[in-house]
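Residue numbers for the sequence shown follow our numbering, beginning at 2 and rising by one. Virtual Cβ for every residue (Gly too), placed ideally from N, Cα, C. All figures in this text were calculated on a predicted structure; none of them were measured in a lab. I have placed the structure first, in the form of C-alpha cells, so that the comments after it can refer back to it.
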Amino acid sequence: MPEITWPQILLMFWASFVLLGVVALLRCRREDIVEVVRELRRTIRK
2 MPEITWPQIL
12 LMFWASFVLL
22 GVVALLRCRR
32 EDIVEVVREL
42 RRTIRK
C-alpha cells in the first residue's frame with residue numbers, strides 16, 4: 002500500500018470541494034449563485 006502524502010490529501014480535498022461546487026452550481030439558479038459569490042467575497046475580505 003503506497004503512503005499518502007499531504008499534497009495528495011490536499012489535492013483530493015480540493016478535487017472533492019470543486020466537484021461539490023460544480024454540482025451545487027448546476028442545481029442552483031443564477032440568482033442564488035450570485036448571492037453565494039457575494040457572501041464568499043465578504044468572508045474572504047474579513
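| query | result |
| --- | --- |
| Which residues in the same chain have their Cβ closer than 8 Å to the Cβ of Ile34, if we skip the five residues on either side of it in sequence? | Leu26 |
| If you draw a straight line from the alpha carbon of Val19 to that of Leu41, how long is it in whole angstroms? | 15 Å |
| Identify the continuous alpha helix (DSSP H) that holds Thr44 and give its terminal residues. | 31-46 |
| Would you kindly report the start and end of the unbroken alpha helix (DSSP H) that includes Ile10? | 7-28 |
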